[in-house]
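Contents: one structure, followed by commentary.
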Amino acid sequence: MRFIRFLWDISWRNILIATIAGLISGSGNAMLISLINRAVNQASLPNALLYFAALALFVLVTSIISQFMLINLSQNAIYQLRLRLGQNILSSPLQHLEKLGENRLLATLTDDVRVLSHAVSAIPNLCIDLATIFGCLVYLAWLSNTIFVLTIAFTSIAIWCTQAKLGKARHLFAAAREEDDNLFKHFQAITTGIKELKLHKSRREDFFAKNLQGSAAKLRQKNSTAMKSFAIANGLGQFSQFTSLAFIVFILPWFIYIPMPMLSTYVLTSTFIAIPMQNLLKRLPDLVQGNIALQKIERMKLSLANQAEFDSVDSDNINHHCLLELDAVTYMYQPENEPNEMRPPHRHQGSGRLMHHADVAERGFLLGPISLSLRAGEITYIVGGNGSGKSTLAKLIAGLYVPQSGSVYLDRVPISEQNREWYRQHFSVIFSDFYLFDRYLGFNHVNLDREVESYLKQLQLDHKVQVKNGILSTTRLSQGQRKRLALLTAYLEDRPIYLFDEWASDQDPFFRDLFYKEILIKLKERGKTVLVITHDDRYFHLADRIVKLDYGKVESNYIPLSLTKNKPLG
C-alpha cells in the first residue's frame with residue numbers, strides 16, 4: 002500500500018520504535034487478560050492487585066510512548082507532504098501545471114491533503130489496536146492451539162468474504178475522487194463567474210441544475226454506495242466474530258473436551274479483542290480514501306524527474322546588459338481536450354493558405370520557428386491579432402515554457418535545464434493575468450518602505466495604498482491601479498529585461514501616455530531590454546522595432562517608419 006510506503010519514507014525509525022512499543026503494549030494487554038483470568042479461576046492469587054497495577058501502568062506507559070511516536074510521525078508526514086506539494090508545484094514546468102488546471106491543483110491542495118491528514122491521524126490508535134489484537138492472538142495460541150486455529154480460520158474466511166465489497170468500495174471512492182475535480186471546477190466557476198451568473202437567470206439556473214447539482218449528486222451517490230459497502234463489510238466482520246464465538250462455545254465442546262476455565266478465558270479474550278477489531282474495521286474507509294488521495298497526488302506528477310527545475314542561482318551572476326537571442330525556436334501549445342472546431346486555423350508560411358493545425362502537427366497551436374535578437378537599450382513591440390501567439394512567445398522568452406526545438410541564448414550562453422533558473426532571474430514580467438502579492442518578498446532593500454512610498458506617489462497610488470514593513474495595506478483596487486502596483490514591484494526588482502503583456506490596456510489615457518512616452522523610454526535609457534505586447538498602434542512610432550506575429554509565425558520584423566522608413570530587418 003502506497004500509504005504505508007509514504008509513512009515509511011518519512012521516518013522508518015519512528016515507525017520501528019512505535020511498532021516495538023505497540024507490540025510491547027499489546028503483549029501487556031495479553032498479560033492483563035491472563036492475570037484477570039487467573040484471578041477469576043483461582044480462589045487465591047497472592048499479590049494479584051500489585052501485579053495488576055504494575056501491568057496496567059506498564060501498558061499505559063508503552064501505549065503512550067507508541068502513540069506519541071506515531072503522532073509525531075503522522076503530523077510530520079502531513080507537514081512534509083504539504084511542503085513537498087508546494088515545492089513540487091513551484092518546481093514543476095508551467096506547461097504541466099497549466100495542463101492539470103487550477104481546479105485539480107486546488108482539489109489536491111485542499112481535499113486530498115485533508116483526507117490524507119485524516120487517514121494519517123488514525124494511524125496511532127490503529128497501531129495500538131493492531132498490537133492489542135496481535136497480543137491477544139498470541140495469548141490464544143498459548144491457551145489452546147485448537148481455539149487459535151479456529152479463530153484464525155474464521156477471521157480468514159471473513160476477510161475473504163469482505164474483499165469483494167472492499168474492492169467495490171475502493172473503486173467507488175476512486176471514482177468519487179475524480180468527480181471531486183469536476184466539483185471544484187464548478188465552484189471555481191461560481192467564484193470567478195458570479196457577476197455573469199447573477200445577471201442571467203436562465204444561465205444561473207442551468208448552471209446550478211446541470212453542473213453544480215449534477216456533480217454534487219454523482220459525488221454523493223458514489224460516496225454513499227462506497228460507505229454502504231464498508232458498512233456491509235463491517236457487519237460481516239462482526240458476524241464472523243459472533244460465529245467464531247458461538248462455534249467454539251456451543252458446538253466445539255460436543256466434539257472435544259474443553260475445560261470450563263479455558264472457555265471462560267476464551268470468552269473474556271474474545272470480548273476484549275472485539276473493540277480493537279471493530280475500531281480497525283471502522284477506520285478502513287479512512288485508510289482507503291487516504292491511499293486514493295496519495296495515488297491521486299502521485300498521478301499528477303508534480304515532481305517530474307526528467308523536467309524538474311533547478312533552484313540554485315547565484316544572484317551576483319546576473320548580467321545587467323543582455324543580448325537575448327532566439328534561434329529557430331518552436332513550441333507546440335496543446336490545451337487538454339480542446340475540441341477541433343475551437344482551434345484556430347494556421348496560415349502556411351509563404352502560401353497565404355489557411356490550414357488547420359491538424360495539418361501542421363496533428364493538433365495544437367504551433368508557435369515558430371522564430372528567430373529574434375533582442376538587445377539592451379532597445380524597445381521591442383510584439384504585436385498581432387488575438388490568438389497569434391504573443392503571450393505564448395512571452396512565456397517562451399521569459400523561460401517559463403521550454404522550447405521543443407531551437408535554442409535560446411543569453412549573451413551567447415545557451416539556455417538549458419541547468420541554467421534556466423539563472424536565466425529567468427534576468428526578467429521582470431507583468432503578464433495580463435498577473436498575481437499581485439500583498440507584501441514585498443525577496444527584497445533586501447535597506448529603505449524598502451521609503452522606496453515604495455516614493456513610487457506610490459509617482460504612480461498616484463499614495464492616497465489608496467500605504468506600506469509598512471514591506472506589507473501593503475491593500476491590493477483590492479481597480480485593475481488599472483493593480484497594474485500600477487505590479488509596475489512598482491518591477492521597478493524595485495531592477496532586472497535587465499522588462500516584459501509587459503498588455504499593461505496599458507486597463508489604464509486611463511493619462512497613464513497610457515505616461516507608460517509609452519516616459520516609463521518605457523526611461524527604462525531604455527537605463528540600458529534595459531524592453532519587450533511590450535501591445536495593440537496600441539498610436540504608439541508604434543516610439544518602438545525601436547516591431548515584431549508582428551500571425552498564427553504563431555513572425556509575419557514581419559521591422560523598424561518603425563519614423564526611424565527608417567519602415568525598413569524590414571533581416
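Position in the sequence shown (first residue = 1) + 1 = my numbering. Glycine is no exception: its CB is placed at the ideal position from the N, C-alpha and C atoms.
Report buried or exposed for residue i, applying the criterion of at least 16 other Cβ atoms within 10 angstroms of its Cβ.
i, result
"W161", "exposed"
"R171", "buried"
"K211", "exposed"
"T266", "buried"
"E200", "It is worth fixing the name first, because residue 200 is Leu in this sequence and not Glu. With fewer than 16 other Cβ atoms within 10 Å, it is exposed."
"V150", "exposed"
"Q68", "buried"
"Y332", "buried"
"V572", "With the chain represented from 2 up to 571, any question about residue 572 goes unanswered, as that position is not in the structure."
"P125", "buried"
"S203", "exposed"
"D538", "exposed"
"F511", "exposed"
"V447", "exposed"
"G385", "buried"
With H, G and I counted as helix, E and B as strand and the rest as coil, what does DSSP make of residue i?
i, result
"N73", "helix"
"G369", "strand"
"Y441", "coil"
"P415", "strand"
"T192", "helix"
"G517", "The sequence shown places Tyr at residue 517, not Gly. Of the three classes helix, strand and coil, the one that applies to Y517 here is helix, per DSSP."
"A362", "With a pLDDT of 41 at A362, under the threshold of 50, the modelled position of this residue cannot be trusted, and the question is left open."
"T476", "coil"
"E379", "strand"
"M301", "coil"
"R105", "helix"
"A177", "helix"
"V531", "strand"
"F428", "strand"
"E326", "strand"
"F501", "strand"
Out of curiosity, what's the CA-to-CA distance linking residue i and residue j?
i, j, result
"I37", "L17", "30 Å"
"I257", "T244", "18 Å"
"Q290", "L375", "52 Å"
"K169", "I233", "12 Å"
"P254", "L50", "33 Å"
"L91", "L532", "25 Å"
"N292", "L117", "8 Å"
"K469", "L82", "33 Å"
"I252", "F135", "25 Å"
"Q508", "F7", "51 Å"
"I276", "S474", "55 Å"
"Q459", "K391", "30 Å"
"L86", "P260", "59 Å"
"F273", "T152", "14 Å"
"F174", "T226", "9 Å"
"S122", "Q296", "18 Å"
"I148", "L246", "10 Å"
Please go through the same chain and pick out, in chain order, the residues whose beta-carbon is closer than 7 Å to the beta-carbon of residue i, but skip the five residues on each side of it.
i, result
"D182", "N104, R105 and A108"
"Y140", "A31, I34, S35 and T270"
"L437", "T476, R483, L486 and A487"
"E180", "S216, K219, L220 and K223"
"K465", "L478 and Q482"
Going by beta carbon distance, what residues of the same chain come within less than 6 Å of residue i, once the five residues before and after it are set aside?
i, result
"N307", "Confidence in N307 is poor, its pLDDT being 42 and thus under 50, which makes the residue's placement too unreliable to answer from."
"T490", "none"
"Y517", "Y540 and L543"
"L288", "A120"
"L167", "A234"
"H321", "P497"
"L98", "none"
Hey, residue i and residue j are a contact pair by Cβ (cut 8 Å); roughly how many whole angstroms apart?
i, j, result
"P370", "V330", "6 Å"
"I522", "D545", "About 11 Å separates the two Cβ atoms, so there is no contact after all."
"S93", "V60", "Not confirmed; about 48 Å, so no contact."
"R421", "G400", "5 Å"
"F428", "R496", "6 Å"
"Y334", "L281", "Between L281 and Y334 the Cβ distance is about 50 Å, and since that is not below 8 Å, they are no contact."
"L24", "A132", "5 Å"
"T535", "A505", "7 Å"
"S241", "F155", "5 Å"
"L324", "D412", "5 Å"
Excluding five sequence neighbours on each side, which residues of the same chain lie with their C-beta closer than 8 Å to the C-beta of residue i?
i, result
"L144", "M263, T266, Y267 and T270"
"L56", "G29, M32, L33 and L36"
"C137", "G27, N30, A31, I34, T270, F273 and I274"
"W9", "I16"
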